[in-house]
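Note that my numbering has the sequence shown beginning at 57, numbered continuously upward. The C-beta atom is built at its ideal place from N, Cα and C for all residues, glycine as well. As the structure is a computational prediction, the values presented were derived from the model and not from experiment.
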Amino acid sequence: MNIYLQALKRDLRIAIRNPSSILNPLLFFIISVSLFPLAISPETATLAQIAAGIIWVASMLSVLLSLNALFHHDFENGVLEQMVISHHSLSLLILSKITAHWILTGIPIILLSPLLGLFLFLGGDGIWVLMLTLLLATPSLSLIGAIGASLIVGIKNSGMLLSLLILPLYTPILIFASSAVSQAQFGLEITGQLYFLATILIVSLMTAPFLSGIALKISLE
């Protein structure tokens, strides 16, 4: 656990020294959500109906945009090879990097979502459920994304390949999360969707660090 905290602090310090890696995905998130009313319709009823889908799609793309930097810096300076041959648990070290990624990307998205929800005329119940679904599912986005990022870590200009690998895996999360917010607006039961999101989170937490470690070893061979 001590090595986990040390690795987590290191990744957070590196990210703070390079603020563009944090700000770019968040700016993309804000701008992309802000453009939808201009492209679709400024009408309150229309925006409120599709607000959940807009915010969730923008959230997924923002997380995807930030995944390229998850292992790239350590790969270039040789730290990744040291992690692989280290006597410490590789899965634990990868989990620390995923945690740092979620703290820097997922938490800001969760905190910004109420403001963007109000901007899209999402109701109070919808905003509450939106934050809850983001809290449950953004860690899964980082965990699942780490598997794809570890597979293409040695490939240059791999953004498109990463999207092709990861976006299909994100689809169930998008469906359950946006469905929960939409049903909450009409006062319908959302327990099933939340259970599915929690299950995806637990399964991802149990498997993603291990699978990422295997993928990293294959990529570095």
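- Beyond the five residues adjoining it in sequence on each side, residue 64 comes within less than 7 angstroms, by CB distance, of 152, 155 and 156 in the same chain, given in chain order.
- In this structure, residue 139 sits away from residue 126, with a CB-CB distance that is not shorter than 9 angstroms.
- Contact check for residue 71 and residue 160: beta-carbon distance about 5 angstroms, within the 8 angstroms limit, so the pair qualifies.
- In this structure, the CA atom of residue 245 is about 7 angstroms from the CA atom of residue 239.
- Closest in alpha carbon position to residue 249, among 87, 223, 209 and 192, is 192.
- Residue 177 sits in coil when the DSSP states are folded into three classes, being neither helix nor strand.
- Beta-carbon to beta-carbon, residue 218 and residue 124 are separated by about 7 angstroms, close enough to satisfy the 8 angstroms threshold.
- Boundaries of the alpha helix (DSSP H) around residue 78: 76-95.
- DSSP, read as helix, strand or coil, puts residue 232 in helix.
- Taking 9 angstroms as the cut-off, the beta carbon of residue 196 is found no closer than this to the beta carbon of residue 276.
- Within the same chain, 82, 85, 115, 118, 119, 190 and 194 come within 8 angstroms of residue 165 by CB-CB distance, once the 5 residues on both sides are set aside.
- Contact check for residue 268 against residue 211 fails: the beta carbons are separated by 9 angstroms or more.
- Residue 207 sits close to residue 221, with the two beta carbons spaced by under 9 angstroms.
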